[in-house]
Structure formats: C-alpha cells, structure tokens
Amino acid sequence: MITNFSILYIEDDNLTQRIVVSVLERYFSQIYIAKDGLDGLERYDELNPDIVLTDISMPYLNGMDMIKEIKKINPKQRVILFTSYSELDYFQSAIDMGVNKYILKPLDTQKMLLALEDVLKGLIKEGKEAQYRKKLEFVSQHDELTGLLNRGHFFFLLEKLLHQSDRAEKVVAVLALDLNKFKEINDTYGHEAGDLVLKRVAKNLLNATRKGDIVARFGGDEFAIAIGFLKQNNKVLAFLERISNSFEIPLNYVDSDGIKHSIEIACSIGITFHSIDDGFPNLETLLKEADRAMYSAKALNLAYSFFNAKEESTFKIKMKKRHEIKKGISRGEFILYYQPIVEIETREIVSYESLIRWEHPRDGLLLPNDFLHYILDDIEVITALGSWIVEALFRQYSQWLEEGFETKLSINLSYNELLSPEFIDIVKSLLAKYPTVQAKEITFEVSEKVALEEIALGERTLNQLKELGFKVALDNFGTGVSTLATIKCFNIDSIKIDKSFVMGMMDNAENYSIVDASIKLAKAFGHTVVAQGVERKEDFSILLKLGCKQAQGFAIAKPMTALDVITFKEGYSPSKSFK
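Residue numbers for the sequence shown follow the numbering used here, beginning at 1 and rising by one.
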C-alpha cells in the first residue's frame, strides 16, 4: 500500500541505506535520503517530510542532536529511530524528545514494517481529524450556499481590516447590498432559480473586488462588502462600477419543463466610510449606516447611495412611524372612509370609493399622505395594511347588503399588492370568508404610474382579478406616460382622470386639453370615464360637454364614515344641485 506521505531517511551506511529504502518503497511514493545529521537537518528544512527515519551514530551531527533541532522547528514531527544503541539511557532520551518508534539494528523487516504501519495509521487519523476540523471551521465561518463569509466572520475580519487601514491612514468602505425583486424571482421561477441567482451574485462580487476585500452573505438576498486601504472615499466608485457591470449579463435558467428563462439581476447598494479621524467605530453601527443608505437607494430607485448623517434623524422618524403603523393595524386604529361617485347627467350615485384613514391616538385623523410614504418601501407593512383594507371593504359590503343597502364599491391597489404572488390568493380566501360579496360590484383601482412600472406583472394580476369577476380602473390617469398600446394591454373597465387636471381645467388650457384627450382616449376603448377632484358645480357642465359620464369630488361630498354614508344616502336627492 503506497501512500502519499513522504519520509526522510538519514543513514551514513550505504548498504543499510539501500536495504531500508527497498522496504520503504512498499509504503512511500516520496523517499528522501540524507547521508548524515547535518545533511538531514538541511533537507528537513527544505522538504518538510511527514516522517523522519534516522540512525543515531553519524558524522558531523548525530541523530539525537538532529532530532532536538527538528523538534524545535516542529514539535509534532513524527520520528522513528533505527539504531544499534540498545542502552536504556537512549530509550529514555528518545521518549523525552517525543520519538514515536525505536527500532534496533540489525534490520528486522517485519518489525520495521509494523513500526511504519503504526506511524502511518497515526498520520492518517490525524489527517482525517484535521480535515474534519478544517471543514467544521469553514462551515462555521462561511455561508453554505454561496461559500462567502457569514455575518460572524465578516465582523471578525472587518475589525482587523479597520485596525490595519487605520495604521496605514487609509479609508475603509462598508457596502450593504440587497437584490431588487428577489422575492418575485423566487415566486416566479422557484427556489432553485433563486439559489442560482444568489450564487451568481456571490461570484460577481468576488470578481469585482480584490483578494484582501471582505465579501459576505448575511442570509436571504443580503450581502456585505468591506473594502480597505482606500486613499480617498471616491476610490470606491471604481468598485461600484465593476459591481454594476457584473450584473449586466442576465442569468440563463432552464426550468424542470426544459423552458429557458433569462433572469435579470439588479441590486441596491448602500455605502458608508470609516477613516482614522472618526475614531474606532462600533461595527454594528457601521453596517447599519450602510443598510440605511441602501434603503435610501431602493426608495429612490438608485443603483447606490451614500450614508448621510443628516438623514439619520429622518430615518429614525421613518422607523418609528413604521412601528406605529404596525401597532395601529393590530389595534384597529385604521378605518375606511367612503366618497360617492355620481352619474353627471342623472346625478344618481353609482358607487363609493373606499379611502383609508388612520385614527391616530395622539395626532387625530390622518389622511394617506400623512403616513403612507413611511411604508411604501416596506413590503411587510404595506402588504399587511393592504390586506386589512380589502377585508374591511368586503366586511362592510356584506354588512350593508345584510341591511338592505346595495351599492358598488371601489378600492385602491398598491404597488406591492400588484406585484405580490400571494395577493390573488388573499382575495380568493376573503371571497370565501365573505360569500355574499359580489365580485362584479367591486372595482380595484390601480394608479397609472404603478401599472406602467411593471406592465407584465401588473397585467397578470389585473387579469386574474378580472377572471374572479372584479372590475378594474386605471386611477390618476394623465400622470403617467400611457400609450394606446399600454392602455390596450390592461383589461380595464374605467379610467379615472387625475384630480390635478380636473381642478385646474377651468384656468389652464393645458389641463383642459389633457382632460379632453383622456376622455376621448377612454371612449375610443369603450371605457367609462370618472373625473376626480370636482369641486365646483360649474365643472359638471364642462365635463358633460366633453363626454365624461361620472364624477367624484368635494362638490358632491367629502369622504365619510360608513355610518355617515347611510345618513348621506337617505338625505341625498339627485334633483338637487350639487353644493
């Protein structure tokens, strides 16, 4: 059994040397020979063998002295003595120096083989243990999927890098990186594709950075990078460019059905810096700064953003508000208000739009503009609030129906709901929970800008709502860049002209033209047109003349609670002029 272990044999007698080597060849592919102790020490330093086999009595440097020097270099070195010295003192000295085996001359081949086998077994066991320890160490320090460093080891190495860069009076850049729409990739293509995306990202980041830089995956689609020894802050721009370029090539993925997909990968990056002038930082604080800059990049739809200490207070306010909103949902602090929509010609109420309000325990009644901007980039909170709104509407519709009040209702659809694969399932479960809800009496309104941002995914969700029987309206029309083609791709029932144009059409020729063109465009597709923001009774005649059939605004009524809707309905008379 020839092993990959190496052995250094030191013997001054040529005949003995040849005989022993013929035995060693049974076990070792690498056999090195030295003729005396001095030569043996030089060859040991050069070759670093696994086992040393040596005689004691040799010129220049005897075996015992040579072993002492070798043990100074490597105390764990495996050593076998092959000698004619049988005195007890030599045995004791050999034991004290850590010699593994003591074989007496003349050569007994069987004894030599047994001694070699025993030492080799020890080496093999030690090698396996070392390999296992190395594997455990790697697992404890690295992300299993990508092979990048994990969070704990990132911080361990970051601390070292900060000290080293401080001593060199250089800058360290810390980057927090998060993938854009990774959840959608997982939901659309499956977790196998998601894992391949994460591996590609890891490879991209390693290729875009230097050997001494620190690249880690913290879990999910969160990555972190530390780049040290920068002369100036702006030197990080070259790394950002390399990272950006590495994402230009999409991932080609073949699913289980053999269908090929091209998956675009994009990310948002937040950057913060440390220099020796800042004093030694708290590592978690440094990463939080990079995280906050990354969230700013996401919110502003930028590839990257730098941490700004002046924005710190704004960020804290945002986090506080998000927490308040989450608590507000669980405490039932939110309520739906309803604003009527009428047929302009007959003045009959045709439906009510539901509008979210927050009955804040400290600040009173808050409108959407007062709080929604705090959570628009927080998928968890905006989705929770959106689900609450849909259920509240279904519950109110069922209650009114039970009380004999039949009406059509509309509800706004957020960006995250439009893109969420779970949204349709949520709607289906709520339809099952409230079986009296008639889907054909409910209209989901989606902002034109939101719909145009994600046409393919938006079209899919809107079509699924239509399949369930719901109506769909394109809200805030005129604020986006819709074309005939994009309007046609959305299977909508109505268009709601943005109130900014309706409110200004009497005084601004451009607004008037936009209202006129919007109505003509909608009519060309056979869509119902609703004018929002009607605040003067003079607006009705103009809108009717332009061909607009329905209107909504303060000239009819302000948004009101569900209880006030009943009072309003009972006191409303179509024959009266709008006030």
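All C-beta atoms in this analysis are idealised placements derived from N, C-alpha and C, irrespective of residue type, glycine included. Just so you know, these numbers come straight off a predicted model, no measurement behind them.
Boundaries (first-last residue) of the beta strand (DSSP E) holding residue i
i	result
residue 340	334-343
residue 396	Looking at the DSSP string, residue 396 is not in any beta strand (DSSP E); the run it does join, the alpha helix (DSSP H), is 379-402.
residue 529	528-532
residue 3	3-10
residue 568	Looking at the DSSP string, residue 568 is not in any beta strand (DSSP E); the run it does join, the alpha helix (DSSP H), is 562-571.
residue 302	Residue 302 -> no beta strand (DSSP E), and no H or E assigned at all.
residue 101	101-104
residue 54	51-54
residue 32	28-34
residue 273	267-274
Proximity to residue i [Cα-Cα], best of the options
i	options	result
residue 42	181, 28, 95, 73	73
residue 349	569, 4, 153, 256	569
residue 410	153, 359, 460, 341	341
residue 563	370, 419, 397, 549	397
residue 394	435, 159, 369	435
residue 203	418, 338, 243	243
residue 305	336, 283, 267	267
residue 538	423, 402, 507	507
residue 580	105, 228, 156, 131	The question about residue 580 has no answer here: the residues shown for the chain are numbered 1 through 579.
residue 144	104, 219, 373, 83	219
residue 531	549, 545, 9	549
residue 179	127, 269, 153, 154	269
residue 46	58, 7, 79, 68	7
residue 257	461, 440, 189	189
residue 54	60, 66, 184	66
residue 239	262, 252, 209, 226	209
residue 553	332, 90, 343, 233	343
residue 246	439, 49, 265	265
residue 103	39, 96, 83	83
residue 199	235, 253, 309, 368	253
Exposure of residue i, with buried meaning 16 or more beta-carbon neighbours within 10 Å
i	result
residue 18	exposed
residue 285	exposed
residue 139	exposed
residue 216	buried
residue 559	buried
residue 525	exposed
residue 124	exposed
residue 75	exposed
residue 513	exposed
residue 195	exposed
residue 2	exposed
residue 94	buried
residue 118	exposed
residue 416	buried
residue 579	Residue placement at residue 579 is flagged as unreliable, the pLDDT there being 48, under the threshold of 50; the coordinate-derived value follows with that caveat. Classification of residue 579: exposed, given that the 10 Å Cβ count is below 16.
residue 367	exposed
residue 250	exposed
Inter-residue CB distance, residue i and residue j (contact presumed, cutoff 8 Å)
i	j	result
residue 543	residue 551	6 Å
residue 448	residue 475	7 Å
residue 380	residue 413	Their Cβ separation, rounded to whole angstroms, is 18 Å, which puts residue 380 and residue 413 out of contact at 8 Å.
residue 255	residue 322	Contact doesn't hold; Cβ gap of about 36 Å is too wide.
residue 157	residue 148	Not a contact, Cβ separation roughly 12 Å.
residue 12	residue 36	5 Å
residue 497	residue 515	6 Å
residue 27	residue 107	Their Cβ separation, rounded to whole angstroms, is 15 Å, which puts residue 27 and residue 107 out of contact at 8 Å.
Start-to-end residues for the alpha helix (DSSP H) that takes in residue i
i	result
residue 357	Residue 357 -> not in any alpha helix (DSSP H); beta strand (DSSP E) instead, spanning 349-360.
residue 77	Segment: none, residue 77 is in no alpha helix (DSSP H) and carries neither H nor E.
residue 371	368-371
residue 160	151-167
residue 186	182-189
residue 177	Counting along the chain, residue 177 falls outside any alpha helix (DSSP H), though it belongs to the beta strand (DSSP E) covering 171-179.
residue 246	236-246
Query raised in the report: Is the stretch 377-389 close to the stretch 462-479, with three or more CB pairs under 8 Å?
Result: no
Query raised in the report: Do the stretch 161-174 and the stretch 268-279 touch if we need at least three Cβ pairs shorter than 8 Å?
Result: Note that the stretch 161-174 touches the stretch 268-279; at least 3 beta-carbon pairs, one per stretch, sit closer than 8 Å.
Query raised in the report: Any contact of the stretch 182-199 with the stretch 115-131, i.e. 3+ C-beta pairs under 8 Å?
Result: no
**Report entry** At least 3 beta-carbon pairs within less than 8 Å: the stretch 108-120 vs the stretch 18-35
**Finding:** yes
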